Amino acid sequence: MNEKKFWAVMCGAIRLEFEFYTTMGWLCEQRQKGWLEGIVLSTWKGEVERIAGLREKLAKLQVHVVESEPLDQDVLYTDMVYLRQAKQLKAALTVLPNDAFVLKCRTDYSNFDLNRLESLQVGEEFAIGEWGNFDAGLKRRIKVLRYGISLPFACHDICFQGQCRELNKLLMLETTELSLGATVGPDVWFFAAYFAHEFPIVEDFFRYIKADEYRSALNQVGAEKSPVVLPKALNQFYALYFTILYQCFAIYYDVQCEGPEALSLEDVLGGNRDWNIRNDWIVEIRNSDVVCRIMNHEVSASEGYEKLYAEICRMKDNEYAHGICWNQKDYDELVVWGEQYLGLEAEAWLNPFEKAVSVESTMAEGYGFDETINLLMNKFELTEGAKERVRNISFNTQSYYGSIIQNLDGLKEDNFELYKLALFGSTRYFDAKAMKDISELLLKGCLNPYEEEQASFVFRRYKFDDRLYAMPMSASRMETLYNYILFEFKKCGESEVALGLYNQLCSFFHREDLIKEDLVRETMSDINELKQLMQDIVARDCGDDEGLCQMQLVLEKFINM
């Protein structure tokens, strides 16, 4: 037996004070017994101060406190819940040695699970399982409360155990809404995220299956114990899932029991309490022997199990396991199976399938560069000269954006509509003349609504309102800014964008260090040109708009400096 001790990591805001105290008392008792090396509380900055004297008491208890900047606390149950918990756990793991073993719990809801721990010893139960040359990438098991079946990887995120370096691998600080286009709860994503990055089929499962709807339907139908044959896509997924459980996970409150009748696939998918497979809000396994029987061909024979076991055997090939993913045919089979077995139409439990089909079926014959440009840009009725300019720009090996700028005058002469689009594209790197030309097109009304959006994007991208305060000012830049402000005022009135630009303009001209700083030494050569420009602007734009009048007063003050 390895004598290495656990570190306890308690994560969360202190929302339920009584539970926080009782959980901390339990942890301190285990430390006194010699099971724990130490205790870490990972919470938000300001949380400890909410309870008078708590920091001093934690110091007396020799509890190490790690405090992080808080994330959104108003959201109750979305991706933000996972991110909050993952950030706190990550912060705690950074203060522990990589080889430390961790008992993770929460500031609330942990007592019930902690009291069911059989031991806090580091032993052989953390050694990974072997299955051919399958390698999921973990070197030690993670110990959890249960194995979710109708909701795979729902292993209970309140309390679990593992080595620090392995827990760090599990944590992916990302939102499933962004990475998958789906919402996956923290109870699942704590344990699924790493494997979704390692195995494409795990990502496919959570991307294309609506987890809650699938869970609910499988719970209900599985309870009826009708013979089940999974489609190929789910056989592959569950084969990989059981292999991952067999190699990488263990159950910390493991009640091994054997039912009076042989274990069946229908028991696994639908529940059987004789085997400690529950069907409550999810179908879940709390008996590690069940997974061992699944992996070792000790489930009663049926067409459904034999097909699943054939895929389990294929997982011994690590390359195969890491390469399988779903295609359109697999998805179509899921649709049919859902209708026949779950009694659900596709839209009720599946997200739309969106994947590139095979290259062979998408090869467009005869479309090189010229043919593609003719097709995409046919609305511009390009001359041969314009086409040649587009080709020269596209295949320029020295400077793509510099090539656009060099060809702008020619494009303007050849095709004004195409010139405008090229002008927007030339601003990847700041070019004062191009920006000024865009501002003039805006102000003169030469752009359609979509082109106005592109122009506004260019100005927002360069954060003209922010950068103005710190950049050397020239007549060209000043005129660009003024045109853009005028456009925003005319289009939107005193909008946030317009007022933001205007306020920054005022700030620049009210700078006390205008004459002193190096900034203006670069500007001095343009000062007279600037003043002349401002005089021209004031003389040209004499409107009744209050915002413009105020701006003109600022400009006049600058002229008279």
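The numbering of the sequence shown is our numbering, which starts it at 211 and goes up by one.
Yeah, the Cβ is synthetic: ideal placement off N, Cα and C, and Gly gets one too.
Since the model is a prediction, treat every value here as computed from it, not as a measurement.
Identify every residue that forms a DSSP beta bridge with residue i.
| i | result |
| --- | --- |
| I487 | N482, I495 |
| G248 | W217 |
| A460 | K353 |
| C315 | M220 |
| F370 | K314 |
| T253 | E277 |
| I419 | L560 |
| A443 | DSSP, once it has assigned bridges, lists no residue as partnering A443. |
| G358 | E494 |
| A337 | R350 |
Closer than 7 Å by C-beta to residue i: which residues in its own chain qualify, once you throw out the five before and the five after it? Chain order, please.
| i | result |
| --- | --- |
| E423 | A558, W559 |
| D477 | W485, I487 |
| Y519 | H507 |
| H495 | It is worth fixing the name first, because residue 495 is Ile in this sequence and not His. R356, Y357, I359, I487, V501. |
| F344 | T453, Q457, M525, K526, N528, A531 |
| R499 | A small fix is needed here, since residue 499 is Asp in this sequence, not Arg. The residues are Q466. |
| K442 | D540, E543 |
| E661 | K630 |
| Y404 | K379, L380, M382 |
| A680 | Model confidence at A680 stands at a pLDDT of 48, short of 50, so the residue's coordinates are unreliable; what they give is reported in the following sentence. Taken in chain order, the list of residues that qualify is empty. |
| N482 | G469 |
| E594 | none |
Less than 8 Å between C-beta atoms, sequence neighbours within five positions excluded: which residues of the same chain meet that for residue i?
| i | result |
| --- | --- |
| C502 | Y456, E508 |
| E229 | T317, D318, Y319, S320, N321 |
| E279 | W254, K255 |
| L246 | K215, F216, W217, A218, L237, Q240, L313, L330 |
| L444 | L544, W547 |
| L268 | L251, V258, V275 |
| E555 | G548, E549 |
Roughly how far, in whole angstroms, is the beta-carbon of residue i from the beta-carbon of residue j, given that I think they are within contact range, below 8 Å?
| i | j | result |
| --- | --- | --- |
| I648 | A632 | About 11 Å separates the two Cβ atoms, so there is no contact after all. |
| F634 | V668 | 6 Å |
| G480 | K539 | Actually they do not touch by this definition, with Cβ atoms about 27 Å apart. |
| A460 | K379 | Going by Cβ atoms, the distance from A460 to K379 rounds to 16 Å, so no, they are not a contact pair. |
| L440 | G514 | 6 Å |
| F590 | L628 | 5 Å |
| P362 | F409 | 12 Å between Cβ atoms; not a contact. |
| S636 | L618 | 7 Å |
| V273 | L251 | 5 Å |
| K646 | T690 | 4 Å |
| C369 | D323 | 4 Å |
Which same chain residues end up closer than 6 Å to residue i when comparing Cβ atoms and leaving out the 5 residues on each side of it in sequence?
| i | result |
| --- | --- |
| L652 | A665, F697 |
| S474 | S510 |
| R265 | V258 |
| I224 | F230, E257, T317 |
| M734 | For M734, the pLDDT reaches just 42, beneath the cut-off of 50, and the residue's location in the model is therefore unreliable, although a value from the coordinates is still provided. Contacts found: none. |
| K420 | W559 |
| K643 | none |
| N606 | S613 |
| G342 | K526 |
| L428 | S360 |
| I534 | I411, Q446 |
Let me know if residue i comes out buried or exposed under the rule of 16 or more other beta-carbons within 10 Å of its beta-carbon.
| i | result |
| --- | --- |
| T233 | buried |
| V546 | exposed |
| W491 | exposed |
| K630 | buried |
| L243 | Correcting the residue identity first, residue 243 is Lys in this sequence and not Leu. Under this definition K243 is an exposed residue. |
| Y287 | For Y287, the pLDDT reaches just 47, beneath the cut-off of 50, and the residue's location in the model is therefore unreliable, leaving the point undetermined. |
| R721 | Any reading at R721 must be qualified, since the residue scores a pLDDT of 47, below 50, and its modelled position is unreliable; no value is offered. |
| F400 | buried |
| D309 | exposed |
| L388 | exposed |
| G432 | buried |
| N693 | buried |
| E413 | buried |
| F626 | exposed |
| K270 | exposed |
| R599 | buried |
| Y772 | For residue 772 there is no data in the structure shown, the boundaries of the chain being 211 and 771. |
| R417 | buried |
| N584 | exposed |
| A596 | buried |
| G391 | exposed |
Using a Cβ-based criterion (distance less than 7 Å to any ligand heavy atom), does residue i qualify as near the ligand SAH?
| i | result |
| --- | --- |
| G620 | Absence of the ligand SAH is noted for the structure shown, with no ligands found whatsoever. |
Determine contact between the segment 511–530 and the segment 444–460, defined as no fewer than three beta-carbon pairs at a distance below 8 Å.
-> Flag = yes, the segment 511–530 and the segment 444–460 touch.
The segment 367–375 contacting the segment 298–310, beta-carbon criterion three pairs below 8 Å = By the criterion of at least three beta-carbon pairs nearer than 8 Å, the segment 367–375 is in contact with the segment 298–310.
Should the segment 337–353 be called in touch with the segment 257–265, which here means at least 3 C-beta pairs below 8 Å?
-> The segment 337–353 is not in contact with the segment 257–265.
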